[in-house]
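Q: Got a structure for you, written out below as structure tokens; questions coming shortly.
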Amino acid sequence: MNLKTTAPQEAAPERASGEKSTSLQFSGGLGTMLFKIVALAVLDATAVFAIFLAVAKDAVLIASIIGVITLLINVIYLKRGWLPAKYLAPGAVFLLIFQVFVIGYTGYIAFTNYGSGHNSDQDDAIMSLLQTNQQRVPDSASYPVTVLDGADGLALLVQREGQQLVGDSDDPLAPIDPAALGKYTQLNFADLLGRQQEVTSLAVPMSEDPTQGTLRTSDGRTAYQYTSTLVYDKGADTMTDSITGTVYSDTGVGAYTAPDGEQLMPGWSINVGFDNFTRAITDSSIRSSLISVTVWTFVFAFLSVATTFFLGLFLAIVFNDLRMKGRKIYRVISILPYAFPAFLGGLVWAGMLNKDFGFVNQVLFNGASIPWLTDPWLAKFSVLWVNLWLGFPYMFLVCTGALQSIPEELSEAAKIDGAKPFQIFRLIKMPLLLVSVAPLLISSFAFNFNNFNIIYMLTEGGPRLADGAMNVGSTDILISMVYKVAFVGSQRDYGLASAFSIIIFLIVSLIAAISFKQTKALEELN
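What the sequence shown shows, in our numbering, is residues 2 to 527, in sequence order.
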């Protein structure tokens, strides 16, 4: 009886434990599912918003790509199984966004004239030309206006023919319900004085037709009609200057052009094929600067790698000798520059090398006025020196690890055979060292080929080349020249800068391919 009574009592805890385990599993699965649903909901909402923006910009292809990628992600994470795809999907998406898209878009821009004066489409260019070339209509009627401040900026309230019309710089005058005026705030006299520049620069289109001009006010109380001195003929696709009678037509260069070659700006972006690449090679003003910068880029990258490698190797050999005391302290001191941010190091050295009050001239050279950063040759030397200071710790660490990985038995066997220390290093250690270090030297060369930080933070590419038509200097490398072409100065040529970027990419890829082929041969030799 005791056995029969005890058995059910022992089974009960087991059932309770099983029920608890099942409950925990169900709870964990429910939490995971809820998190997955919330994450996908956020992703889908963001994707839908991005699709609407793309469609509004007539970017149907981009909208389609976003839709397909979002659909694939939903299928991957809602379907059971497909575990590898669940791990690979985030990386693949980031690869598409930050690598493939950037490279593809750069390639697209390289075949356009996109830049200053050519950064929109033709319709926007026409509207801008008509609005920026306006004069007050002689004997035009005056319009009593009230300046309003709304969510989109300043607007004008006009009383015309018993109607209340409101318009701003983006929206033409249109009737408004008096109840809707509550979203605006009327500017008083003090506000008009405080925002006088905004008020006087406000131009409100009279209607959807840009040829009817705009309303402008100088005092915030009375507005006058302004019309463009340019007359646009939609049928002939021409712009005519009503004052001079000059006719500007679309000649396929992305701007309305007169018979004598004069262009009206702004223009619009068009596909120009290989013109940017052709200009880089055939235009003498660009070619001379490009050749000079390209030669210095190769010299800078090669010397940077060579100097940092040999100094790092020398220190690694010295500090790897067991007979040397205090090796750990010296190693810590040697890697300190590596812990210093490169851009900050460039700024610090720029101050230390200052001609008038820098530490180097004032302390080390007793107040001498040495133009470290303004003389072309001294500036190049300074760039190489600072890059050596920043880069040798990396090579020191790499060479130290490579040397310590070489079996000591090889050196001992060579000593028994009568080899001298230099022969051991040259014939045994150096070939084995290069097997490990050669790929890193190639990547270091590619890094220094595009080492923008040290160039721009130390010298900003200067001093400027005296005979160069482009805004480039003696220490500019290709990547800093691309930056200046794209972002420095009043005339920014994104198409030409993108073409230069593709040229840089091809050069680095070719050098890397050749170098890795040689590295493979070195591995086979060893």
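Virtual Cβ for every residue (Gly too), placed ideally from N, Cα, C.
Is the separation between the beta-carbon of residue 158 and that of residue 203 shorter than 9 Å?
A: Going by C-beta atoms, residue 158 is not nearer than 9 Å to residue 203.
Q: In terms of residues, what are the limits of the alpha helix (DSSP H) holding residue 385?
A: Note, residue 385: alpha helix (DSSP H), 377–406.
Q: Indicate whether residue 154 and residue 206 have their beta-carbon atoms separated by less than 9 Å.
A: Not a contact, by the Cβ cut-off of 9 Å.
Q: I'd like the span of the beta strand (DSSP E) that includes residue 157, first residue to last.
A: Where residue 157 is concerned, the enclosing beta strand (DSSP E) stretches over 154–161.
Q: Tell me the DSSP secondary structure of residue 463 in three-state form.
A: Three-state DSSP puts residue 463 in coil, outside helix and strand.
Q: On the three-state DSSP scale, how would you describe residue 60?
A: The answer is coil: DSSP assigns residue 60 none of H, G, I, E or B.
Q: Using C-beta distances below 6 Å, list every residue in its chain close to residue 227, excluding the 5 sequence neighbours before and after it, in chain order.
A: Hits under 6 Å: 135, 137, 214, 215, 217.
Q: Is residue 33 helix, strand or coil by DSSP?
A: Of the three classes helix, strand and coil, the one that applies to residue 33 here is helix, per DSSP.
Q: By how many angstroms is the C-alpha of residue 497 removed from the C-alpha of residue 432?
A: Straight-line Cα distance between these residues: approximately 43 Å.
Q: Between residue 371 and the rest of its own chain, which residues show a CB-CB distance below 8 Å, the 5 nearest in sequence each way excluded?
A: Around residue 371: 356, 361, 362, 379.
Q: Would you mind stating whether residue 451 and residue 478 have Cβ atoms separated by less than 9 Å?
A: In contact: residue 451 and residue 478 (Cβ atoms closer than 9 Å).
Q: Measuring straight from C-alpha to C-alpha, what distance separates residue 308 and residue 393?
A: Roughly 8 Å between the two C-alpha positions.
Q: Taking C-beta to C-beta, are residue 516 and residue 439 nearer than 9 Å?
A: In this structure, residue 439 lies closer than 9 Å to residue 516 by Cβ.
Q: Taking the Cβ atom as the reference point for each residue, do residue 397 and residue 340 lie within a distance shorter than 9 Å?
A: No, the Cβ-Cβ distance between residue 397 and residue 340 is not below 9 Å.
Q: Does the Cβ-Cβ distance between residue 166 and residue 152 come in under 9 Å?
A: Going by C-beta atoms, residue 166 is not nearer than 9 Å to residue 152.
Q: Please list the segments of the alpha helix (DSSP H) lying wholly inside the region 454–507, counting only runs of 4 or more residues, in order along the chain.
A: Here the runs fully enclosed are 479–488.
Q: Which residues in the same chain have their Cβ closer than 8 Å to the Cβ of residue 184, if we skip the five residues on either side of it in sequence?
A: The answer, listed in chain order, is 151, 152.
Q: Could you give the first and the last residue of the continuous alpha helix (DSSP H) run that contains residue 444?
A: Run containing residue 444: 431–450, per the alpha helix (DSSP H) assignment.
Q: Would you mind sorting residue 38 into buried or exposed? The rule is 16 or more other CB atoms within 10 Å of its CB.
A: Residue 38 is exposed by the Cβ-count criterion.
Q: Would residue 146 and residue 221 be called neighbours here (beta carbons separated by less than 9 Å)?
A: Taking 9 Å as the Cβ cut-off, residue 146 and residue 221 qualify as a contacting pair.
Q: Shortest alpha-carbon distance to residue 224 belongs to which of 179, 272, 276, 161?
A: Closest by alpha carbon: 161.
Q: Suppose the cutoff is 6 Å on Cβ atoms and the five residues either side in sequence are ignored; what does the same chain contact list for residue 26 look like?
A: Residue placement at residue 26 cannot be trusted, given a pLDDT of 44 that sits under 50; what the coordinates show is reported in the next sentence. Hits under 6 Å: none found.
Q: If you follow the alpha helix (DSSP H) that residue 137 is part of, which residue opens it and which one closes it?
A: Here residue 137 belongs to no alpha helix (DSSP H); instead the beta strand (DSSP E) covers 135–137.
Q: Using CA atoms only, rank isn't needed, just tell me which of 368, 210, 92 is closest to residue 172.
A: If we check each option's Cα against that of residue 172, 210 comes out closest.
Q: Under 9 Å, do residue 331 and residue 344 count as touching if we go by C-beta distance?
A: Going by C-beta atoms, residue 331 is not nearer than 9 Å to residue 344.
Q: Under three-state DSSP, which class holds residue 192?
A: It is helical.
Q: At which residues does the beta strand (DSSP E) containing residue 224 begin and terminate?
A: Segment 223–229, the beta strand (DSSP E) holding residue 224.
Q: From residue 120 to residue 33, what distance separates their C-alpha atoms?
A: Cα-Cα distance, rounded: 47 Å.
Q: Counting only the same chain and skipping the five closest in sequence on each side, list residues whose C-beta sits under 7 Å from that of residue 265.
A: For residue 265, where only same-chain residues beyond five positions count, the Cβ hits under 7 Å are 130, 240, 249, 256, 257.
Q: Please classify residue 296 as buried or exposed, where buried requires at least 16 other C-beta atoms within 10 Å of its C-beta.
A: With fewer than 16 other Cβ atoms within 10 Å, it is exposed.
Q: Please say whether residue 350 and residue 466 have beta carbons closer to each other than 9 Å?
A: Not closer than 9 Å, so no.
Q: Which of helix, strand or coil does DSSP assign to residue 217?
A: Note: residue 217 maps to strand in three-state DSSP.
Q: In the DSSP output, what is residue 116 paired with across the bridge?
A: 119, 494, per the DSSP bridge assignment.
Q: Assign residue 167 to one of three DSSP states: helix, strand, or coil.
A: Three-state DSSP puts residue 167 in a strand.
Q: Would you check if the distance between the CB atom of residue 462 and the CB atom of residue 476 is smaller than 9 Å?
A: Yes, the pair counts as a contact, with Cβ atoms nearer than the cut-off.
Q: Using only the alpha-carbon positions, how far apart do residue 40 and residue 76 sit?
A: The alpha-carbon atoms of residue 40 and residue 76 are separated by roughly 14 Å.
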